[in-house]
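For reference, the structure discussed in these notes is given below.
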Amino acid sequence: MTQTQMPHSRRSRSNPLAVLFALLVLSVGAAHSDAAVSRDPGEYFFDQTFGDFTEELALAREEGKTGILLMFEMDECPFCHRMKTTVLNQPRVQDYFKAHFLIFPVDVEGDIEVTNFSGETKAQKDFALQDHRVRATPVFAFFDLDGNLVARYTGATGNAEEFLLLGRYVVEEAYQNTTFTKYKRAHAGDR
């Protein structure tokens, strides 16, 4: 190897510390951009409640909402967790649903008392099982302004677009004429 080749080959070798530093900067930047496009669903998706759904109906009417959305969930549910970390944390999902619904979580194993839409008081777990036959989670139950169940979706949606379509299905009152599956097929290109 000649002297003229040696400096050239040294210049072409990467400094491992510089490469490590560049990767660190890129990963921190990527993490920051991911955090910027999501928001805590506890703060931005769900509303606060004292558990009286008759009062929440009156408030929904007052605020001109379409209705109430209840998410029946439980702590150990991987699908509930996935919905919260991939769909319910998206600002466009939060903004759309907050514009049209009052939204409350219901713990299917919870002992905290709630007042159902008929004015009866019972534990959350009884409200879930007895009133709404929730056996798997999550369940997204949509109620009109009279407290009538108008749509129900069990499980996690595939993505934010499908969940937004579910919201549109209820807001447009398409549930009066078709199932969500048929609605979804008919609006597949809208997403």
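For the sequence shown, the residue numbers in our numbering are 100 to 290. Using N, Cα and C, we set each Cβ at its ideal position, and we do this for glycine too. Computed from a predicted model, the values in this text were never measured in an experiment.
Return yes when the C-beta of residue i is under 8 angstroms from any heavy atom of the ligand ZN, and no when it is not.
i, result
"T153", "Looking for the ligand ZN in the displayed structure turns up nothing, as the structure carries no ligands at all."
In this structure, what does DSSP give as the bridge partners for residue i?
i, result
"G266", "Partner(s): none; G266 has no beta bridge."
"G166", "F200"
"L248", "F242"
"K221", "V213"
"T253", "V238"
"V205", "F171"
"D151", "T214"
For residue i, collect the residues of the same chain with a Cβ closer than 7 angstroms to its Cβ; drop the 5 residues on either side in sequence, then sort them by chain order.
i, result
"Y282", "Y268, A273"
"R138", "N188, P190, Q193"
"T148", "E155, F203"
"H286", "L264"
Since residue i and residue j should fall inside the 8 angstroms C-beta cutoff, what is the C-beta to C-beta distance between them, to a whole number of angstroms?
i, j, result
"A255", "M170", "Not a contact, Cβ separation roughly 11 angstroms."
"F200", "L248", "Not quite, the Cβ-Cβ distance comes to about 14 angstroms (not below 8 angstroms), so this is no contact."
"R251", "A240", "5 angstroms"
"F178", "P140", "Contact flag wrong, Cβ pair sits at about 14 angstroms."
"G266", "F196", "6 angstroms"
Rank the options by C-alpha distance to the C-alpha of residue i and give the top, closest one.
i, options, result
"V163", "T253, D243, G288", "The sequence given here has Gly at residue 163, not Val. That would be D243, whose Cα lies nearest to the Cα of G163."
"L228", "E271, G266, G209, A287", "G209"
"D146", "E175, H180, L187, F178", "L187"
"E261", "A157, E271, R284, R138", "R284"
"F144", "D194, L263, G266, T253", "D194"
"T253", "E271, A159, T280", "T280"
"E219", "R160, K197, G246", "G246"
"G166", "M173, E172, D174, A157", "A157"
"A198", "E172, L263, D174, T277", "L263"
Please check if any C-beta of chain D sits within less than 9 angstroms of the C-beta of residue i.
i, result
"G257", "Within the model displayed, chain D is absent; a lone protein chain is all it includes."
Which same chain residues end up closer than 6 angstroms to residue i when comparing Cβ atoms and leaving out the 5 residues on each side of it in sequence?
i, result
"Q275", "none"
"E271", "none"
"D230", "N215"
If I measure Cβ to Cβ from residue i and keep anything under 8 angstroms in the same chain, skipping five residues before and after, which residues do I get?
i, result
"A259", "T185, V186, Q189, R191, V192"
"R234", "L228"
"C176", "T236, P237"
For the stretch 206–216 and the stretch 152–167, state whether three or more C-beta atom pairs, one from each stretch, are separated by less than 8 angstroms.
yes
Touch check for the stretch 193–206 and the stretch 218–228: three-plus C-beta pairs under 8 angstroms?
yes
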